[in-house]
Amino acid sequence: MIYQDEDFLQLSGLQHFKFCRRQWALIHVEKQWAENYRTTDGAIMHENAHDGSFTESRGDLVITRDMRVFSRTLGVSGACDVLEFRRGETGIPLKGREGLWQPYPVEYKRGKPKEGTEDTLQLCGQAMCLEEMLCCEIPRGALYYGEPRRRTEVDFTPELRQEVRALLEEMHALYVRGSTPKVKPTKGCNACSLKGLCLPKLMRSKSVSAYLRRRFFGGRPLIAHTDAMMIRELRRIEGLLKHNFETLRQSGAGVDMLERQERALELLVSAIEHLGVPGHDSEESQTGNRR
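Following numbering that gives the first Met the number 0, the numbering of the sequence shown begins with 0 at its first residue and continues without gaps.
Written out as structure tokens, the structure is:
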């Protein structure tokens, strides 16, 4: 599929989506945002990395910052914090420079390396955009974490690339529907700047129908009028089958015929129990008494 410019999602949303689908939807679908210490610290860390006017050359290394990237097949756009070009046997030609230069994206992150893959997915997405734009292969890149102040190299494996594609497809589908999914609260909720907007504790709350069932109906499921009518009809058919079964038994019908009838009765009773509620028979008897 080829996406148009107006359909592009933010590439940085991959990290949000992998961390928490609800967080991603609040930011990118509902356009909500809130700052905390972590987001502010991360913004300060990215200030130098996003100076697009700055290009540096160090022998066989060219360093660019805030390189804009996009992909029409993935439907995303964004920016690389740092994009290095390393002269070697593979890569692309650069204007005014001899030889081939291999692109090497570097993404800056605050804190320590994470246990999850949200950061590596974002970096891999950048590489896939660059590959489409520059018509070359980019096998690896690096994540630079502010707390240890060193890089962690990332190999862009086929599995990582496939996860990028799968997540972006899901993101596009949710964005088109304008849907904000519900999620189970985790320990990561305490560190999220959107905690006050998301209200994760409410995710544990029971629905209104569950409250009403517990408060007024003893926990029994609420049955729609159409379901109640269906139950009465199924019970009528059940009575006819029982009568037919008894007639067949008394007439000496074969075992196979009796077993089929018995199986039909079992399925019918199961359907009634699935739709019905405990105490249904007593309710019917009370109805009969009122008559």
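In this text, a Cβ means the ideal position worked out from N, Cα and C, and glycines have one as well.
Practice task
Following the continuous beta strand (DSSP E) through Thr119, name the residue where it begins and the one where it ends.
Solution key: Here Thr119 belongs to no beta strand (DSSP E); instead the alpha helix (DSSP H) covers Glu117 to Leu133.
Problem - Local conformation of Ser11 per DSSP, three classes - result: Correct three-state label for Ser11: coil.
Exercise for the section: Determine the DSSP secondary structure at Gln101, reduced to helix, strand or coil. Expected result: In this structure, Gln101 counts as strand in the three-state DSSP scheme.
Practice task
Out of Val175, Leu13, Glu261 and Gly177, point me to the one whose CA is closest to Ala78's CA.
Solution key: Leu13
Practice task
Under 8 Å by Cβ, that's how I've got Glu158 and Ala141 pegged, so tell me the actual separation to the nearest angstrom.
Solution key: The distance from the Cβ of Glu158 to that of Ala141 is about 19 Å, inconsistent with a contact at the 8 Å cut-off.
Practice task
Have a look at Gln31 and Trp23 and give me their C-alpha separation to the nearest angstrom.
Solution key: A straight line joining the alpha-carbon of Gln31 with that of Trp23 spans about 10 Å.
Exercise for the section: Write down the C-beta distance between Phe7 and Gly74 rounded to the nearest angstrom, noting that I regard them as a contact closer than 8 Å. Expected result: 6 Å
Problem - Per-residue burial, Ile1 [other beta carbons within 10 Å of its own, 16 or more giving buried] - result: exposed
Handout entry: Cβ neighbours of Phe244 in the same chain (closer than 6 Å, five flanking residues each side left out)
Key = Gln260
Handout entry: Host beta strand (DSSP E) of Tyr143 (start-end)
Key = Arg139 to Tyr144
Practice task
Would you give the residue range spanned by the beta strand (DSSP E) that Leu193 belongs to?
Solution key: Premise fails: Leu193 is in no beta strand (DSSP E) and is neither H nor E.
Handout entry: Alpha-carbon to alpha-carbon, Leu233 and Thr72
Key = 53 Å
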